[in-house]
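Residue numbers (this note's numbering): 80 to 559. Below you'll find the structure, written out as structure tokens, and then a few comments.
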Ligand SMILES: [Fe+2]
């Protein structure tokens with residue numbers, strides 16, 4: 080810590096990023112440096128920072144960061160706790176500098192549900208104080224929550240020049256590039272971060288997204304497996320999400336048994352009360368079922384943890400996955416209650432969130448509930464109505480793809496053949512290496528009497544499947 084007098088009798092200290100912090104002693108600075116590293120590393124020691132924030136009596140930045148951490152939990156308790164931390168921070172905020180006042184404004188906006196205002200403040204902060212990496216991280220989190228890929232990228236671009244020595248910043252930049260479909264640049268930035276420090280999970284994550292988008296599943300499995308020894312110190316979101324990504328690659332390689340095993344061993348069970356763990360579980364079970372896997376009684380356990388969330392509505396992206404999990408578990412009364420609650424939430428939507436809640440979430444939720452019951456003729460048009468409005472609900476491209484896959488499944492079962500074919504052909508163009516897409520196309524061609532095309536697609540699917548098996552044998556040293 081570098082510290083000096085500020086000329087008014089107050090103490091002026093700087094954190095490890097060189098940012099001025101008001102009323103901070105050496106312990107407060109150490110706690111801020113610790114939480115910055117730990118948050119950027121998606122570490123599992125964040126409770127240690129919360130304990131420091133609880134003890135702090137003069138430095139407003141500690142309870143302020145704690146408030147943001149609580150808000151990022153997406154839970155009612157987290158939200159209430161954030162209000163208490165913000166009140167404590169404001170009581171310590173006499174003499175706060177401009178950056179700290181911006182933090183207070185952004186936190187107030189988040190608590191009030193005005194996340195675009197919070198994002199705007201963090202974007203401005205990224206220009207004004209590009210060394211404030213936690214501010215940038217939270218700004219990207221808000222942009223992610225709005226499906227605002229350009230916003231994620233903008234923040235990465237603003238902080239990069241002032242942090243060229245910091246691998247976490249290359250990873251933050253990489254994810255924005257990937258979500259804007261600038262895959263080559265994204266992968267280069269992420270691999271640069273890994274070259275600087277191979278233990279950067281957000282960089283692993285960005286590479287996984289790039290490989291997923293290009294249908295490079297074999298490479299994805301090998302890459303993630305080669306990095307997985309570094310994930311033990313990750314928090315439950317990052318840990319379960321990276322294994323979730325590995326499971327997606329396995330599913331597309333027809334290795335669904337291994338994906339289900341990962342679900343049991345890595346994806347579900349780390350922190351069952353946490354929103355992010357829950358959606359990783361829902362999304363993985365749903366994707367396995369769409370490939371014909373019997374997941375047994377697993378939905379029942381997940382639904383136990385989803386039931387307290389019927390009226391939360393922190394994010395339409397989370398809510399839709401909670402609802403689908405409940406519906407697949409056969410929790411009919413919880414589904415009915417949540418559907419009504421979602422309709423109320425959509426009616427109260429502010430202008431900036433109307434598209435997400437009213438145009439997407441309400442029809443999508445009804446469509447997902449119908450699909451979960453096997454009522455495909457009802458599900459297909461409802462999901463079709465929601466699909467053009469999907470982006471603003473938030474989440475990544477790979478995560479939102481779940482809803483497209485369920486929509487496609489409904490279309491195929493309801494014999495909306497032309498619509499299903501258009502989607503499958505687009506999928507095939509985008510990721511021509513996925514055998515399951517070709518099999519689905521073959522089934523559809525056969526259904527509409529296009530036998531030659533069906534035979535060609537079946538042949539290609541078998542060639543791909545053979546290639547997967549040969550590559551796996553080479554990797555494991557087994558005989559094909
Ligand atoms: Fe991801």
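Ideal Cβ placement from N, Cα and C applies to all residues, glycine included.
>> Alpha carbons only, please: which of 487, 414, 408 is nearest the one belonging to residue 445?
In response: 414
For the segment 349-394, which segments carrying the alpha helix (DSSP H) assignment without a break, of at least 4 residues, lie completely within its bounds, in sequence order?
354-369, 377-385
What does the Cβ neighbour count give for residue 299, buried or exposed, with the cut at 16 atoms within 10 Å?
buried
- prompt: Is it a yes or a no for the segment 132-151 touching the segment 336-346, going by three-plus beta-carbon pairs under 8 angstroms?
  reply: no
Buried versus exposed call for residue 545 [16 or more other C-beta atoms within 10 Å across all chains shown]
exposed
Q. Taking the alpha-carbon positions, what's the residue 540 to residue 257 distance?
A. 28 angstroms
- Buried or exposed: where does residue 128 fall if 16 or more other Cβ atoms within 10 Å of its Cβ makes it buried? buried
query = Within this structure, are the beta carbons of residue 397 and residue 153 separated by less than 8 angstroms?
reply = yes
| said: Given the structure, does residue 292 come close to ligand 1, in the sense that its CB is under 7 angstroms from one of the ligand's heavy atoms? | reply: no
For this session: Would you tell me roughly how many angstroms separate the C-alpha atoms of residue 371 and residue 470, rounded to the nearest one?
Result: 27 angstroms
* From residue 101 to residue 116, what does the alpha carbon distance come to, in whole angstroms? -> 20 angstroms
Chain-order list of residues whose beta-carbon lies under 6 angstroms from that of residue 81 (same chain, five-residue window excluded)
In this prediction, residue 81 has a pLDDT of 45, which is less than 50 and means its spatial position is unreliable; what the coordinates show is noted afterwards. Answer for residue 81: 93, listed in chain order.
Item checked: Chain-ordered list of residues that sit, by beta carbon, closer than 7 angstroms to a heavy atom of ligand 1 -> 284, 287, 288, 320, 324, 475, 477, 478
Collapsed DSSP secondary structure at residue 122 in the structure displayed | strand
Next on the checklist: As a quick exercise: from 431, 183, 553, pick the residue whose alpha carbon is nearest that of residue 161.
Outcome noted: 183
Discussion item. Bridge partners for residue 509 per DSSP, in chain order?
Written reply: BP columns for residue 509 are empty, so no partner.
Check: Should residue 401 go down as buried or exposed, given a rule of 16 or more other Cβ atoms within 10 Å for buried?
Finding: buried
Assign residue 97 to buried or exposed, taking buried as 16 or more other Cβ atoms, counted over all protein chains shown, within 10 Å of its Cβ.
-> exposed
- Query: Going by Cα to Cα distance, which pick from 523, 355, 473, 421 is closest to residue 227?
  - Reply: 473
Subject >> Interface flag, residue 472 vs chain D, CB-CB below 8 angstroms >> reply: Annotation note: the requested chain D is absent from the structure, which comprises a single protein chain.
**Report entry** residue 479, DSSP secondary structure in three states
**Finding:** helix
Check your understanding: Which residues in the same chain as residue 354 place their Cβ atom closer than 6 angstroms to its Cβ, once the five residues preceding and following it in sequence are excluded?
Key -> 153, 397
| said: Assuming contact is defined by CB atoms lying nearer than 8 angstroms, are residue 519 and residue 491 in contact in what I supplied? | reply: yes
Chain-order list of residues whose beta-carbon lies under 6 angstroms from that of residue 550 (same chain, five-residue window excluded): 297
Identity of the residue in 223, 176, 213 nearest residue 194 by Cα:
223
Q. What number of angstroms, rounded off, separates the C-alpha of residue 455 from the C-alpha of residue 418?
A. 18 angstroms
Taking a contact to mean a Cβ-Cβ separation below 8 angstroms, would you say residue 421 touches residue 405 in this structure?
no
> For the segment 484-503 against the segment 459-467, are there 3 or more C-beta pairs whose distance is under 8 angstroms?
Replying inline: yes
Pop quiz: residue 35 and residue 150 are said to be a contact at Cβ under 8 angstroms. What is the actual Cβ separation, rounded to whole angstroms?
No answer is possible for residue 35: it lies beyond the span of the chain, which begins at 80 and ends at 559.
**Prompt:** In terms of DSSP beta bridges, what is residue 329 paired with?
**Reply:** Partner(s): none; residue 329 has no beta bridge.
query: Would you call residue 376 buried or exposed, if buried means 16 or more other Cβ atoms sit within 10 Å of its Cβ?
result: exposed
*According to DSSP, is residue 313 helix, strand or coil?*
strand
| request: Please work out which residues of its chain come closer than 7 angstroms, Cβ to Cβ, to residue 279, disregarding the five sequence neighbours upstream and downstream, and give them in chain order. | output: 246, 247, 250, 272, 273
What does a CB cutoff of less than 7 angstroms around residue 303 pick up in its chain, not counting 5 residues either side in sequence? 283, 287, 321, 324, 325
Rounded C-alpha distance that separates residue 358 from residue 306: 23 angstroms
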